[in-house]
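Printed below as a string of structure tokens:
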């Protein structure tokens, strides 16, 4: 990955060790929605597939797709500052051969794409009505990203109808309470819904959002209603599924001191659960022996990925006993 010069308001967000995305405090930022819709897109091994992200923002949806699939991606964004940010991000990730940034209004793409030329279109369209949106302290740029002003669902559907191939796929996320609106809009434009998934904040609450896949000229498509997606568990933590989607799979390095004074090192995504397994003599062969017990968890350290934690574990095991004790503070 290339080095770039950052402006004072810019920062780099690292995602899963595979992707770096630039964000600017004065511009719209990506949120959970972007990860949900990116995860919802069907995978493809085709290098010829053409996918466009309409209203790309930071570009994260198209970029998440690009790092997992070989096709070409177009990031369409009307805001020139966001487009410049996307250009930096694409260069930072060495994706210029497959990802193209286009600074253009969604309503004016006739000179950008040929009719019926795209295999897929994805979008996280604005889904707040301007008069009803209560947060008035947003900058003009950030406000446009949330309000249905220059780009709404009707524009997304009509432009998708124009530029998608026959049987091309449209993916988007929208407010669940507006389901009647978008179903009517899709049908009127010749789309058939083939897949939907409702998103809930917690179990036993109403759906907040819905993920939708629609097929151009697919009026005979059967709708697959996928299992609900739950954001938070009963402890107000992200569910395991959401952690996976967010690439937030933090991993831990830990050290256990045994009764006979050995230091056992390991890694896990849940140290408490893993330590309980060791205590029950069901963990590693080394800690099953009665002579090792009782065990004491003396150290743990968080890493951003499993590979990083495993790499550090290997280095730690090559340290001398004195070096190990110094590192973990014994």
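Residue numbers (the numbering used here): 625 to 954.
Every residue, glycine too, gets a C-beta built ideally from N, C-alpha and C.
*State the DSSP-derived secondary structure class of residue 911, mapped to helix, strand or coil.*
helix
*Give me the Cα-Cα distance between residue 724 and residue 638, rounded to the nearest whole angstrom.*
21 Å
*Check whether the Cβ of residue 727 lies closer than 8 Å to any Cβ atom in chain B.*
Of the protein chains in this structure there is only one, and it is not chain B.
*Which value, in whole angstroms, describes the spacing of the CA atoms of residue 792 and residue 695?*
15 Å
*asked:* Please report the distance separating the alpha-carbon of residue 647 from that of residue 949.
replied: 40 Å
_Segments of 3+ residues assigned as beta strand (DSSP E) that fall wholly inside the segment 832 to 896_ = 875 to 881, 887 to 892
*alpha helix (DSSP H) containing residue 657: first to last residue?*
656 to 664
_Which of the three DSSP states is assigned to residue 793 in this structure?_
strand
*Got a sec, what are the start and stop residues for the beta strand (DSSP E) residue 926 sits in?*
920 to 927
*In this structure, does DSSP put residue 679 in helix, strand or coil?*
coil
*Status (buried if at least 16 other CB within 10 Å, exposed otherwise) for residue 918*: exposed
*Going straight from the alpha carbon of residue 599 to that of residue 832, what length do you get?*
Lying outside 625 to 954, the shown extent of the chain, residue 599 is not represented and no answer is given.
*Would you mind sorting residue 784 into buried or exposed? The rule is 16 or more other CB atoms within 10 Å of its CB.*
buried
*Please classify residue 637: does DSSP put it in a helix, a strand, or coil?*
strand
*To which residues of the same chain is residue 887 closer than 7 Å at the C-beta, ignoring the five residues directly before and after it?*
879, 881, 948
*Can you name the start and end residues of the alpha helix (DSSP H) that residue 808 belongs to?*
803 to 812
*Look up residue 696 in the DSSP assignment and say whether it is helix, strand or coil.*
strand
*Name the one or two DSSP bridge partners that residue 672 has.*
According to DSSP, residue 672 bridges with nothing at all.
_Run through the DSSP bridge pairs and tell me what residue 647 is partnered with._
635
*For residue 778 versus residue 733, is the C-beta distance shorter than 8 Å?*
no
*Would a C-beta distance cut-off of 8 Å place residue 817 and residue 836 closer than the cut-off?*
yes
_Can you give me the C-alpha to C-alpha distance between residue 862 and residue 940, rounded to a whole angstrom?_
31 Å
*Between 937, 698, 788, 643, which lies nearest to residue 584 when the distance is taken from Cα to Cα?*
There is simply no residue 584 to check, as the chain begins at 625 and stops at 954 in what is shown.
*Distance between residue 930 and residue 565 (C-alpha atoms, nearest Å)*: What the structure shows of the chain is the stretch from 625 to 954, and residue 565 is not part of that stretch, so it cannot be assessed.
*Compare the C-alpha of residue 745 against each of 813, 709, 801, 675 and name the closest.*
675
*For the segment 836 to 846 against the segment 908 to 917, are there 3 or more C-beta pairs whose distance is under 8 Å?*
no
*Would you please state the rounded distance, in angstroms, between the beta carbons of residue 705 and residue 651? I believe it to be under 8 Å.*
6 Å
_Collapsed DSSP secondary structure at residue 785 in the structure displayed_ = helix
*Going straight from the alpha carbon of residue 712 to that of residue 747, what length do you get?*
21 Å
*Which same chain residues, not among the five before or five after residue 736, have their C-beta less than 7 Å away from its C-beta?*
726, 728
*Near residue 663, which residues of its chain fall below 7 Å by C-beta distance, leaving aside the five closest residues on each side in sequence?*
869
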